Structure formats: structure tokens, C-alpha cells
Amino acid sequence: MTPEQVERKRAAVIEAREQALEAKANLVRTKAHAKAEKIRRKADNKAKRTIAKGEEKAAKLEGIGPREIERKIRLDVHGREKPAMRGWIHAGAAPLAIAAGIVLICLAHGAALKWACAVFMASSAFLFTNSALYHLGDWSPRVTDVLRRIDHVNIFLLIAGTYTPVSFALDDFWRKAIIIGMWSCTLIALIIHVVWINAPRWLYVLVYIIFGVSGVAFMGLFWMSPVAGPAVVWLLLAGGACYIAGAVVYAKRWPDPWPKVFGFHEIFHIGTVFGYACHIPGINSMAWIP
Numbered sequence: 002m003t004p005e006q007v008e009r010k011r012a013a014v015i016e017a018r019e020q021a022l023e024a025k026a027n028l029v030r031t032k033a034h035a036k037a038e039k040i041r042r043k044a045d046n047k048a049k050r051t052i053a054k055g056e057e058k059a060a061k062l063e064g065i066g067p068r069e070i071e072r073k074i075r076l077d078v079h080g081r082e083k084p085a086m087r088g089w090i091h092a093g094a095a096p097l098a099i100a101a102g103i104v105l106i107c108l109a110h111g112a113a114l115k116w117a118c119a120v121f122m123a124s125s126a127f128l129f130t131n132s133a134l135y136h137l138g139d140w141s142p143r144v145t146d147v148l149r150r151i152d153h154v155n156i157f158l159l160i161a162g163t164y165t166p167v168s169f170a171l172d173d174f175w176r177k178a179i180i181i182g183m184w185s186c187t188l189i190a191l192i193i194h195v196v197w198i199n200a201p202r203w204l205y206v207l208v209y210i211i212f213g214v215s216g217v218a219f220m221g222l223f224w225m226s227p228v229a230g231p232a233v234v235w236l237l238l239a240g241g242a243c244y245i246a247g248a249v250v251y252a253k254r255w256p257d258p259w260p261k262v263f264g265f266h267e268i269f270h271i272g273t274v275f276g277y278a279c280h281i282p283g284i285n286s287m288a289w290i291p
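Just add 1 to the spot in the sequence shown (first one is 1) and you have the working numbering.
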């Protein structure tokens, strides 16, 4: 083969390779254009649906004032839309807490323990009722602020209210120590929350957890008590775990499964109800013992 033939063959191979690369590049460009067009059409359709929904909502709200709009959309104190379930969990728990508290008072042995159970009933019913009113109602800014402050301190009232009848499982010294200690801490927490309503979320949760966990120091005494025993201790710990789990979700704002229906705040409310549900049988199991 002559040098000219070799050169022509090499040129033909190079040309064929370039044509193949060009064809491949054209194919890639065609696919890319098709994919981009598909994404564009999808985005356009989504934008059209969003605009249509906005126009539909605007048509419904046309001529309605800001207060009426807030009633329809249900905004929280931060201006965010409330999930549909906000407040309904505690609204359902409030009458159950009253009914369970009445049964507990009737079963309790002795006037002092009956009063202690009444404190527990009042603190739990107050928490659930105020929370339901705060989250479900359409209040003026002043009333909203008052209900919000009460809502923030109610969990401390419930913790102290829970340990009030539970302390009757111990002797007089420890009973007074627990009641005085818990209600003193509640007073401090109440002052902090009323004075500094906009304190960081993590500070609220930290004080809440420390306050709740402080009762663990007495679990050994309850374990050895013939009135309480291991069963009551496990119920108290389970209730505390529910409270803490809900508080962690509230602090992290996660998980937030269905923000428009059932969000992180509703998980927090579920935690308080489950915690209460663990504590009520523990108190009931020892309230009727002489």
C-alpha cells in the first residue's frame, strides 16, 4: 500500500469517527432538548394549577377583611397557617380528664388524698381546656397573649399536680419535700414564662425537661414504697418519657408529617395526652389504698 493510500485510509477513518461522534452528540442534544421540554411543560402545568388555586382562593376571599381571612385560614401567633387538627386533640382530652379526675377523687382514701387528686384533676383539665381554647379560638391579640402565657406554664402545673397525689405514697417528710419542691419550681417557671414570653424555644424545652426529670430522684423511694411499688414507677417513667419525646419534637419542629393537617405541634400534644394517660392509672392504683 502506497503512502498516499495509507494517508487516504487514515483520513477516511478520522472522518468516519468524527461523523460518528457528531451523530452521537446530536442524539444527546436531542434527548436533552426533549427532557428539557418535558420539564418545562411540567413546570408550566404546575404553575397554571398553582395560579388557578390562588385565583380560586382569592375569589373566595374577595371583599373579606383581614379578621375574616384569619378566621378562614386559621393563622397561629407567628402568622403561619394552623394544621386542621391544631387544638382538637386537647379539646377531646379535656372532658376525659375531668371524668377521670372525678373517679379518682371518689376512689381516694382520706380527705387529704382526695384534695391532692383534685389538684391533679384541676391541673390536667386546666391544661387541656386552655390549650384547646388557645389553639381553636379566634381571639383578640390581648386575649391571645394571655392564653399563650397560660399555655406555656400549664405543663409545669400539670407536672407539679401529678406529683402532689403521687407523693402520698411516701412518708410525711418526703411528701412535704416533694410538694414544696415541685410547686416552688413551678412558681419559678411561671415567673420566667410570664416575664419572658418570647424566650427561645430551646430554653422553654430545657427548663421543661429538667423540671420533669427532677422527679427521677425520688423513683427509688417510690419503688420501695408498699403503696406505690415498681408498677407505679414504670408508669411514672413512661409518662415522663412521653412528655420529653413530645418536647423534643416541639423543639426540633420535626417530624412534621402533614403540615396542613397534623404537624409537629400535634405530635407534642399527643405526647402530653399519652403522658397523662400513663400517670392516671398509676395514681389510681394507689389512691384507694389506706
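Every residue, glycine too, gets a C-beta built ideally from N, C-alpha and C. In this text, all values refer to a predicted model and were calculated from it rather than measured experimentally.
Can you give me the start and stop residues for the alpha helix (DSSP H) that residue i sits inside?
i, result
"R150", "142-167"
"V262", "From DSSP, V262 is part of no alpha helix (DSSP H); its letter is neither H nor E."
"G241", "231-253"
"R176", "173-196"
"T130", "112-137"
"F219", "That residue, F219, is in no alpha helix (DSSP H); it is neither H nor E in DSSP."
"A100", "89-108"
Would you grab the beta carbon distance between residue i and residue j for me? Rounded to a whole angstrom, and I think it's under 8 Å.
i, j, result
"F129", "H91", "4 Å"
"F223", "A170", "6 Å"
"R150", "H194", "6 Å"
"G213", "G230", "G213 to G230, Cβ: 21 Å. No contact."
"S132", "G88", "7 Å"
Between the alpha carbons of residue i and residue j, how many angstroms are there, rounded?
i, j, result
"N285", "K43", "60 Å"
"V234", "D172", "16 Å"
"A37", "H270", "45 Å"
"P256", "V249", "10 Å"
"S215", "C186", "10 Å"
"R254", "A246", "12 Å"
"F174", "Y164", "14 Å"
"L238", "V217", "8 Å"
"N199", "I189", "16 Å"
"R11", "Q20", "14 Å"
"H110", "A119", "13 Å"
"Y251", "F265", "6 Å"
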